[in-house]
Amino acid sequence: MSAGGDAEGRDEAEAHADANTRQLARQRCGRRDDTPDILVPRLPTYTSLMTSLTAARVQMELSLGFHMLFASVGMALPVMLLMVERRWMRTGDRDALALAKTWSKATAVLFAIGAVSGTALSFELGLLWPRFMEVAGPLIGPAFALEGYAFFVEAIFLGLYLYGWDRLSPRAHWWCGVAVAVSGVASGVLVLSANAWMQDPVGYQPATGGAPAIVDPAAALFNPAWPLMALHSTLSTYQAVGFAAAGIYAWAILRRRHAHRDHYHRLGLTTAMALGVTSAILQPLSGDLLAKRAHHRQPAKLAAMEGHFKTERCAPLRIGGLPDPGAQVTRYALELPCGLSFLATSDPQAEVLGLDRFPRDQWPNVVVTHLAFQVMVGGGVVMLAVAAWYLFERWRRRRIADAPLSRALLIAMVGCAPLGFIALEAGWVVTEAGRQPWVIYGILRTADAVTPVADVTGSLIVFTLLYAALLIIVVMFLRRLAVKGAEYPA
Ligand code: HEM
């Protein structure tokens, strides 16, 4: 075939791929085939706003990255709190009560920091992404409003919990803790509905030919991406906090400076591992369902996660490796034949779309998305192995009361302490970077949603300083709490 023929073939393939992407966007929006392809018109000044775009994206990444750390602890710590308080109610174990009191203080501070960082985030949405808010506001508004109610419930019951130790009956006090744990998760899950809608924007049909946009807030709130994302991200907070706390208590046991408090540390470790182990087992299962969802609804994201450039049947699963978008290959990866086809569809011979089916300007950043995916899954696999090791040791020594864990396992737990948070942050990078170049998948590009203000570097600096200050306060407080040690009732 001639060079001209090649070019024509390529043009045809690209047009076909472009049509595929638009078709997906239409299906997501519930649009008929004859609706025009103009999604949301681009701002004419797009190229001149690149600096703003970069600064706005950095600011948003930084803010979300910080907020997720605080919010995760606020969601997961109350669950551990309830477990030890319940133990104290049942057995009168003073170490359990001491742990509950220490953790309740940490919960209070992290709740406050989470509230400040979350409020800052909602301002940033309007300030940095006005076009996004214009399109998405009516659709994600209900999720934010409900999240607000859940937040208020959490604040009220946290107040009752903190000041109710000596004023409420143990049973009433514990139920206040249940309300804190449930409303904490509810507020996280509700706000996640907005993010899930950005991945799978059902219930929205852009304005066409003078007719207004059609919006269906109920469809947006209950979008199909929401349940799985809510499950996976809630588990990620439990896993991150469980493994982090277990690592801290494992470290204390290893140092043995507080031998008289061994039961206290062991109880802290066991409680944290109960949460960490359960989540570590469930997480790969929920992750697998998410990957299957991406195969159907965001195939370019799945292709970027897997460093999968060429559409093929019996597509391999790549472990590790470094994508080279120029050459359209992923180098140095361990390839498991037909693994990706099988995981995405349960059929080893199924075709999996590669990035070659999408116009180049609709590719996510393949290197970032693939590496973040490897970090998340790698972290999950290591934590799963440590969870299995822990269960095995507990089972082997089940007949010995208070049997100590092996030193090697304690060291492994210390090593895993930051892993859950690293995996959690990496997971968010996968989800957000993999959605690019869209802020609302298939509907509005990130570049078209950014503020027209020429320079947002000032705001980036202010918010960076705010988050740095919050981080310093948290670290100082947690350090003080650890140095002061357990508080035993008189
Ligand atoms: C071990 C196997 C795992 C698999 C197969 C897996 C799979 C996935 C997939 C496919 C996504 C992208 C979803 C999307 O945007 O469409 C994702 C996102 C995410 N992952 Fe994982 N994951 C695993 C482990 C973990 C672990 C261990 C954590 C943290 C402790 C974690 C935290 C997250 C978070 C926070 C997100 C973004 C929020 C969400 O989409 O739910 N993942 N994961």
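Heads up: the sequence shown begins at 151 in our numbering, then just goes up one per residue.
All C-beta atoms, glycine included, are put in the ideal place defined by N, C-alpha and C.
Here the structure is a predicted model, which means the values were calculated and not measured.
DSSP state of residue i, grouped into three classes?
i, result
"T195", "Legend: pLDDT at T195 = 43, less than 50; position of this residue unreliable, no value from coordinates given."
"D497", "coil"
"T519", "helix"
"T461", "coil"
"T358", "strand"
"L486", "strand"
"P554", "coil"
"D506", "helix"
"W401", "helix"
"R603", "In the sequence on display, residue 603 carries Val and not Arg. V603: coil per DSSP, three-state reduction."
"L271", "helix"
"D474", "strand"
"L318", "coil"
"I623", "helix"
"V589", "strand"
"V479", "strand"
"V339", "helix"
"R281", "helix"
"R643", "Residue 643 lies beyond the range of the chain shown here (151 to 640); nothing can be said about it."
"R416", "helix"
"R406", "coil"
"V648", "In the structure displayed, the chain extends from 151 to 640; residue 648 sits before or after that span and is not available."
I'd like to know whether the C-beta atoms of residue i and residue j end up nearer to each other than 8 Å.
i, j, result
"M455", "V580", "yes"
"R237", "A226", "no"
"G298", "L231", "no"
"M423", "G392", "yes"
"G418", "L574", "no"
"E543", "L555", "yes"
"M563", "V536", "yes"
"L278", "V600", "yes"
"L212", "T596", "no"
"V624", "I263", "yes"
"P509", "A394", "no"
"A293", "S343", "yes"
"F627", "V330", "no"
"G309", "H323", "no"
"G570", "A390", "yes"
"V224", "T269", "Checking the sequence, you will find Gly at residue 224 rather than Val. Result no, Cβ atoms of G224 and T269 do not sit closer than 8 Å."
"S386", "Q433", "yes"
"A380", "K442", "no"
"S267", "L620", "yes"
For the ligand HEM, any of its heavy atoms closer than 7 Å to the Cβ of residue i?
i, result
"D438", "yes"
"M533", "yes"
"P587", "no"
"Q389", "yes"
"H382", "yes"
"A441", "yes"
"S213", "no"
"W324", "no"
"M526", "yes"
"P434", "yes"
"G577", "yes"
"V580", "yes"
"A494", "no"
"G584", "yes"
"M423", "no"
"M225", "no"
"L541", "no"
"M379", "yes"
"S556", "no"
"S386", "yes"
"L486", "no"
"Q209", "no"
"A246", "no"
"G338", "no"
Taking CB distances under 8 Å as the criterion, tell me whether residue i reaches chain D.
i, result
"V589", "Here there is only one protein chain, and chain D is not present."
Residue i: beta carbon under 7 Å from a heavy atom of the ligand SAH?
i, result
"K451", "With respect to the ligand SAH, the structure shown offers nothing to examine, as its ligands consist of the ligand HEM."
If residue i sits next to residue j, beta carbons under 8 Å apart, how far is it from one beta carbon to the other, in whole angstroms?
i, j, result
"L490", "P466", "6 Å"
"A483", "G470", "5 Å"
"A538", "R547", "That pair is no contact at about 15 Å."
"T519", "G584", "5 Å"
"A300", "S333", "5 Å"
"Q478", "F459", "4 Å"
The stretch 369-387 / the stretch 201-216 touching (three or more Cβ pairs under 8 Å): no
Closer than 8 Å is the cut-off here; do at least three beta carbon pairs connect the stretch 580-600 with the stretch 275-288? yes
Tell me whether the stretch 563-578 and the stretch 515-530 touch, counting them as touching only if at least three CB pairs, one residue from each stretch, are closer than 8 Å. yes
Taking three-plus beta-carbon pairs below 8 Å as touching, is the stretch 346-362 in contact with the stretch 251-258? no
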